[in-house]
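Asker:
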Amino acid sequence: MARSSTRAPAITDVARLAGVSVPTVSRVITGSVPVSAERKERVHSAIRELGYRPNGAARALVTGRQSAIAVIASNTTRYGYATTLQGIEESARAAGFIVMITVIESDEPEAVSAAVDLALSHPVSGAVVLKFDPAGAAALRALPTDLPVVAVAGGKSDARPHAVLDDTAAAKHATEYLLGLGHSTVHYVAVPTSGRRAGRAAGWRKALEHAGVEPPPIYDAGWDPQRAYEFGRGVAERSDVTAALCGNDELAMAFIRALQECGRRVPDEISVVGFDDHPLSRYWTPPLTTVRQDFADLGRRSFELLGGALDGDGVRSSSVTPRLVLRESAGPVPSSPSR
Numbered sequence: 078m079a080r081s082s083t084r085a086p087a088i089t090d091v092a093r094l095a096g097v098s099v100p101t102v103s104r105v106i107t108g109s110v111p112v113s114a115e116r117k118e119r120v121h122s123a124i125r126e127l128g129y130r131p132n133g134a135a136r137a138l139v140t141g142r143q144s145a146i147a148v149i150a151s152n153t154t155r156y157g158y159a160t161t162l163q164g165i166e167e168s169a170r171a172a173g174f175i176v177m178i179t180v181i182e183s184d185e186p187e188a189v190s191a192a193v194d195l196a197l198s199h200p201v202s203g204a205v206v207l208k209f210d211p212a213g214a215a216a217l218r219a220l221p222t223d224l225p226v227v228a229v230a231g232g233k234s235d236a237r238p239h240a241v242l243d244d245t246a247a248a249k250h251a252t253e254y255l256l257g258l259g260h261s262t263v264h265y266v267a268v269p270t271s272g273r274r275a276g277r278a279a280g281w282r283k284a285l286e287h288a289g290v291e292p293p294p295i296y297d298a299g300w301d302p303q304r305a306y307e308f309g310r311g312v313a314e315r316s317d318v319t320a321a322l323c324g325n326d327e328l329a330m331a332f333i334r335a336l337q338e339c340g341r342r343v344p345d346e347i348s349v350v351g352f353d354d355h356p357l358s359r360y361w362t363p364p365l366t367t368v369r370q371d372f373a374d375l376g377r378r379s380f381e382l383l384g385g386a387l388d389g390d391g392v393r394s395s396s397v398t399p400r401l402v403l404r405e406s407a408g409p410v411p412s413s414p415s416r
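The opening position of the sequence shown corresponds to residue 78 in my numbering, with each subsequent residue numbered one higher.
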């Protein structure tokens with residue numbers, strides 16, 4: 078076949094020519110899972126025709142295991158994502174594995190398919206998916222079931238092994254803490270969630286409903302501090318809001334800044350609790366009461382689970398409940414409204 082480009086052939090080219098999926102090509106190269114003789118011959122024929130040279134294949138034939146793992150995440154810059162990736166990479170490197178990170182742009186089918194194909198375009202032993210949001214959840218569902226995979230999340234939602242930071246339980250505790258200070262309700266400034274029944278919003282809602290309080294409308298800030306800032310300016314004009322739980326510390330910082338610019342005092346008039354324990358949260362004004370999440374440990378635990386799966390261990394998960402760190406941004410309900 079005439080080559081129209083000087084670009085080195087990729088595993089996706091082999092799959093397209095052979096008329097099979099990328100995971101099937103990977104299985105033929107690694108020999109990790111039986112493939113029919115007919116498909117195997119189509120793949121080898123395509124490899125010969127294209128001159129494809131799979132990275133790491135020679136080592137895999139000797140060791141029986143690939144030297145790389147794939148990590149799929151929707152973002153690599155936010156504090157929680159980046160620190161989780163750090164934990165994965167450090168543990169993988171210590172075990173002699175290379176980490177190949179693929180960023181998934183959205184949960185749209187085309188974006189999911191492209192990310193999964195790219196993640197599996199090189200021989201890998203297994204994969205870790207940061208299932209912190211809808212894009213991560215969609216990537217997890219799209220990965221082949223015979224590939225060892227571990228999900229990193231705020232809760233377990235399927236049969237795959239999960240490394241969990243139980244943010245549902247943590248958000249419930251943080252909300253109960255604010256209610257215990259005398260606040261009649263707690264407003265929630267939300268980050269995205271990977272599912273309807275999991276995450277910080279679910280814990281917040283459970284605490285309010287258990288206390289017999291009708292949950293107020295959620296303010297969806299996404300990952301954008303500017304939106305939390307704008308909500309804070311609106312809240313500053315209201316006398317009925319005395320407490321807020323923010324889905325992460327960046328949102329809490331922006332929310333507090335808006336309140337202070339409008340002349341509202343934290344926590345004397347409005348209490349604010351964050352989530353994650355960002356490195357700057359203790360240096361904010363006032364220092365932020367927040368839920369401490371050990372993301373580096375989360376990453377390490379996910380790689381340990383993947384290692385167990387590669388060694389043939391049964392499916393299992395690891396869960397840790399983050400703890401509330403008390404600082405100065407939350408206090409008793411005001412004795413009387415200031416506005």
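Heads up, the beta-carbon is just placed ideally off N, CA and C, and yes, glycines get one too.
Source: prediction; values computed, not measured.
#1: Expressed to the nearest angstrom, what Euclidean distance is found between the alpha-carbon atoms of Gly324 and Asp353?
#2: If distances are taken between C-alpha atoms only, which option among Leu387, Gly340, Leu382 and Ser348 comes closest to Glu405?
#3: Between the Cα of Glu71 and those of His355, Asp317 and Glu291, spot the shortest distance and give me the residue it belongs to.
#4: Beta-carbon separation of Ala279 and Thr245 under 8 Å?
#5: Please give me, in chain order, every unbroken run of the beta strand (DSSP E) with length at least 3 that falls completely inside the region 335 to 390.
#6: Indicate whether the contact test is met: 3 or more Cβ pairs, each with one atom in the region 374 to 392 and one in the region 235 to 250, closer than 8 Å.
#7: Which residues in the same chain have their Cβ closer than 8 Å to the Cβ of Ala172, if we skip the five residues on either side of it in sequence?
#8: Tell me the rounded alpha-carbon separation between Gly309 and Asp235.
#9: Span of the alpha helix (DSSP H) holding Arg277?
#10: Taking all protein chains shown into account, decide if Pro399 is buried (16 or more other Cβ within 10 angstroms of its Cβ) or exposed.
#11: Taking the C-alpha atoms as reference points, what is the distance between Leu365 and Phe332?
#12: Whose C-beta lies closer than 8 Å to the C-beta of Glu307 among residues of the same chain, with five residues either side of it excluded?
#13: Report the option in Pro356, Lys233 and Trp281 whose CA atom is closest to the CA atom of Val74.
#14: Cutting at 6 Å between CB atoms, please list the residues of its own chain near Ser285, excluding the five before and the five after it.
#15: Flag this pair as yes or no: are the beta carbons of Gly213 and Ile149 separated by less than 8 Å?
#16: State the Cα-Cα distance for the pair Glu327 and Val410, rounded to the nearest angstrom.
#17: Rounding to the nearest angstrom, what Cα-Cα distance links Thr319 and His260 in this structure?
#18: Let me know if Glu166 comes out buried or exposed under the rule of 16 or more other beta-carbons within 10 Å of its beta-carbon.
#19: Let's test the definition: count the other Cβ atoms within 10 Å of the Cβ of Val91 and tell me whether it reaches 16, buried, or not, exposed.
Answerer: Checking against the coordinates, here is how it stands:
#1: 8 Å
#2: Ser348
#3: The chain is shown from 78 up to 416; residue 71 falls before or after that span and cannot be answered.
#4: yes
#5: 348 to 353 and 366 to 369
#6: yes
#7: Phe380 and Gly384
#8: 37 Å
#9: Arg277 to His287
#10: buried
#11: 12 Å
#12: Ala335
#13: In the structure as shown, the chain starts at 78 and stops at 416, and residue 74 therefore has no counterpart that could be examined.
#14: Looking at the sequence provided, one finds Leu at residue 285 rather than Ser. Taken in chain order, the residues that qualify are Pro292.
#15: yes
#16: 24 Å
#17: 7 Å
#18: buried
#19: buried
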